[in-house]
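To start, the structure itself, in structure tokens.
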């Protein structure tokens, strides 16, 4: 098993899940219902805690990975007044064909203000119990520029294109595009991945809206949490290296079902040489702060 596969997987999950869950993973081919869906107002992001069981996707192509298992816990809370917080814990054990296993444990936390003007992030990752990354940083929009300041692993400051969106902005734009009945949307993403030095260009393909049941294996979890009838869409989100030249292939792809309130399920994380499937096994919808409901 190569460390390249493990590192790519860790970066993909941290970047993709932040995007898909808003912390963080769209599909929409609309018919005559498109106008009605476009006219309906968005629900806004709902505080929640979600738990996903991870396993090797046997339908993916892999010559190096024989088995994979893990769990991801995602916690999202906040409001338009107070901003939005996320905490993500992602643990996987991946084995190669020779029976060698590697345990990866990633914990990340973020804060994003509701106007998309500031973003802070911290990530710690361990490989087989050894610290592999300890990074903290922030980003701020000021005078038409987007400044990134890293405190760890080294103190640096640099600017990136102001078109880049923070994770909650990124997911909101995908959901808004879905509500409008759009099939495809491109949004640049900065989420602090790879020690804060890796912004991505992303392209989302959006499928048909659904408000009913499906046979994907975790719809019952959403139903038990009371969101089965909330509009949701399948999304395939491709991540491209912003600094790559020539003809580009995605660095990785994230597929998921996203609900209008920001909840996601049925994830597939494709790293090229192997893929993981994430099944939603627990979903706790949290109450919205009463004061936040009156936020202007």
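Residue numbers (my numbering): 12 to 307.
Ideal placement from N, C-alpha and C gives every residue a C-beta, glycine not left out.
Query, Result
"Neighbourhood of residue 129 by C-beta, 6 Å cutoff - its chain only, sequence neighbours within 5 removed", "151"
"Supposed close pair residue 202, residue 177 - CB separation, criterion 8 Å", "7 Å"
"Separation of residue 108 from residue 207, as counted between CA atoms", "33 Å"
"In chain order, each beta strand (DSSP E) run of at least 3 residues that lies wholly inside the region 50-113", "59-67, 76-90, 94-107"
"Inter-residue spacing [alpha-carbon to alpha-carbon] between residue 295 and residue 76", "33 Å"
"Beta-carbon proximity of residue 249 to residue 286, cut-off 7 Å", "no"
"Beta-carbon spacing of residue 264, residue 179 below 7 Å", "no"
"Rounded distance between the beta-carbons of residue 55 and residue 272, thought under 8 Å", "7 Å"
"Opening and closing residue of the alpha helix (DSSP H) in which residue 184 lies", "178-190"
"Cut-off 8 Å between Cβ atoms - residues of its own chain near residue 110, not counting five sequence neighbours on either side", "77"
"Residue 169 versus 106, 148, 187, 184, residue with shortest Cα-Cα distance", "148"
"Simplified DSSP state of residue 153, which is helix, strand or coil", "strand"
"Whether residue 210 touches residue 153 by CB criterion (7 Å)", "no"
"Straight-line Cα distance separating residue 101 from residue 144", "14 Å"
"4 or more residues per run - each alpha helix (DSSP H) lying fully within the region 224-248", "230-235"
"Close-in-space but distant-in-sequence residues of the same chain around residue 125 (CB under 6 Å, 5 per side omitted)", "91, 94"
"Boundaries (first-last residue) of the beta strand (DSSP E) holding residue 222", "Counting along the chain, residue 222 falls outside any beta strand (DSSP E), and DSSP gives it neither H nor E."
"Buried versus exposed call for residue 266 [16 or more other C-beta atoms within 10 Å across all chains shown]", "buried"
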